[in-house]
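Engineer:
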Amino acid sequence: IDEYNKFHSEVLKELIRTSHLIFYNIQIVTGSKRSVFKMIGEFSDYLKDIIVWDKKHAEPAIQQQVLNRQTELILVFENDYPVSRQFRSASFKRGKLNDIWQIDRNRNNGKTRDKSHGATFPEKLVVTIIENFSKKGDKIYDPFLGTGTTAVVAKKMKRKFIGSEILRDYCKIAKKKLNEVGSVLL
């Protein structure tokens, strides 16, 4: 737990230092629960809001007497105006965006979920963030690029993107996906 917390705390410190608005997706599971709560406390001065992603389906828990996890948290951090709940650069209208997003984990724009990576986001989740909290030409950064869902959606929505990924096989998949949408991996 300490190693997990140290890693994510270092990532968050750097994201807060370099970015205006951060959407940090995290799931509370047995090994991460205490760390997630520590991070919320450690970065509370920058915590703007918490969005609950309801994936509409929960896999059965591995152990007995453990709740099935159907949700993940999206911790939203802002480095220049976190004290208010108002997102000054958001494009959604009053009363049009809730803090619980019901987006099926198993679907990706009507296609079957990407099986090459066990933790891919559905495109609709990324679209919801990008269309409501950025504008054309903005730069989107994904520090855990994986197979490139965020980069592909950013490109489709006419945003610039940067991504980091340590696994070469995932980079190859991301590059292939980007080429399919008429783009090249930077």
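Going by our numbering, the sequence shown opens with residue -8, and the numbers climb by one from there. Each residue gets a CB set at the ideal place from its N, CA and C atoms; glycine is no exception.
1) In this structure, does DSSP put D45 in helix, strand or coil?
2) Strictly under 8 Å for the Cβ-Cβ distance: is W44 near chain C by that measure?
3) Per DSSP, V67 forms a beta bridge with which residues?
4) If contacts are defined as beta-carbon pairs under 8 Å, then K47 and D(-7) qualify, I think. What distance do you get, rounded to the angstrom?
5) I need the straight-line Cα distance from Q55 to I19, nearest angstrom please.
6) If I follow the unbroken alpha helix (DSSP H) through Y161, where does it start and stop?
7) Would DSSP call T21 helix, strand or coil?
8) Can you say whether Y37 is buried or exposed, counting buried as having 16 or more other CB atoms within 10 angstroms of its CB?
9) Any contact between the region 115 to 130 and the region -3 to 4? By contact I mean 3 or more CB pairs, one from each, below 8 Å.
10) Could you tell me the alpha carbon to alpha carbon distance between W44 and I91, rounded to whole angstroms?
11) Specify the secondary structure class of R76 as computed by DSSP and reduced to three states.
12) Taking V2 as the reference, which of C162, K146 and Y132 has the closest Cα?
13) Under the three-state reduction of DSSP, which class applies to F(-2): helix, strand or coil?
14) Under DSSP, the alpha helix (DSSP H) around I121 begins and ends at which residues?
Structural biologist: In short:
1) Here residue 45 refers to the residue found at position 54 when the sequence shown is read from its first residue. DSSP places D45 in strand when its eight states are reduced to three.
2) No chain C is present in this structure, which holds just one protein chain.
3) As a working mapping, residue 67 is identified with position 76 in the sequence shown. Answer by DSSP bridge pairing, in chain order: F14 and D40.
4) The count along the sequence shown starts at 1 and reaches residue 47 at position 56. The count along the sequence shown starts at 1 and reaches residue -7 at position 2. About 33 Å separates the two Cβ atoms, so there is no contact after all.
5) As a working mapping, residue 55 is identified with position 64 in the sequence shown. As a working mapping, residue 19 is identified with position 28 in the sequence shown. Taking the straight line from one Cα to the other gives about 17 Å.
6) Residue numbering aside, residue 161 sits at position 170 when the sequence shown is read from its first letter. Its alpha helix (DSSP H) spans residues R159 to E171.
7) Within the sequence shown, the letter at position 30 stands for residue 21. Coil.
8) Start at 1 with the first residue of the sequence shown, and residue 37 comes out as number 46. Classification for Y37: buried.
9) no
10) Working through the sequence shown from its first residue, we reach residue 44 at position 53. Working through the sequence shown from its first residue, we reach residue 91 at position 100. Approximately 6 Å between the Cα atoms of the pair.
11) For the purposes of this step, residue 76 is taken as the residue at position 85 of the sequence shown. Here R76 sits in coil by DSSP.
12) As a first step, residue 2 is located in the sequence shown; it is residue number 11 there, counting from the start. Looking at the Cα atoms, Y132 is the closest of the given residues.
13) Position 7 of the sequence shown, counting from 1, holds the residue named residue -2. Looking at F(-2) - three-state DSSP - the assignment turns out to be helix.
14) In the sequence shown, counting from the first residue as 1, residue 121 sits at position 130. E114 to F124 is the span of the alpha helix (DSSP H), which, as asked, contains I121.
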